[in-house]
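Colleague: To start, I am sharing the structure in question, which I have written as structure tokens.
Numbering (UniProt numbering), first residue to last: 1 to 130.
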């Protein structure tokens, strides 16, 4: 941004009104020849490459990272990567699988493993082995 000498202000105004236009979306002054390119690259709706939903370009990254039903997430029980839309059903099944507790050797559902291990003393294993 430079100051325009008062002797050139009329020429400046004529040049700007002939060559520039104000973007209707963001208010930036854009060269008239580049107005369509500006709109398409900055403001035009875009489609998510994962789910094909159309949205404003400004929310695409948040959508793909946190909202898109086709974004890849990881099962908390088996660490298998899958689309977010399938996660609940997968974890319902996966969380019901059992594994042996490394402290007491009891078979524990995976969805209950953390709570079990926080409270497990391993005493059941000792009592059962005697």
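Just so you know, even glycine gets a beta-carbon here, dropped at the ideal spot from N, CA and C.
Pairs of beta-carbons, one from the segment 85 to 96 and one from the segment 57 to 67, closer than 8 Å: are there three or more?
Modeller: no
Colleague: Taking residue 90 as the reference, which of 78, 12, 101 and 105 has the closest Cα?
Modeller: 78
Colleague: Could you tell me whether the Cβ atoms of residue 82 and residue 73 are closer together than 9 Å?
Modeller: yes
Colleague: State the DSSP-derived secondary structure class of residue 123, mapped to helix, strand or coil.
Modeller: Reduced to three states, the DSSP call for residue 123 is helix.
Colleague: Any idea what DSSP makes of residue 107, helix, strand or coil?
Modeller: Secondary structure of residue 107 (DSSP, three-state): strand.
Colleague: Using the Cα positions of residue 120 and residue 46, report the straight-line distance between them to the nearest angstrom.
Modeller: 52 Å
Colleague: Taking the Cβ atom as the reference point for each residue, do residue 123 and residue 116 lie within a distance shorter than 9 Å?
Modeller: no
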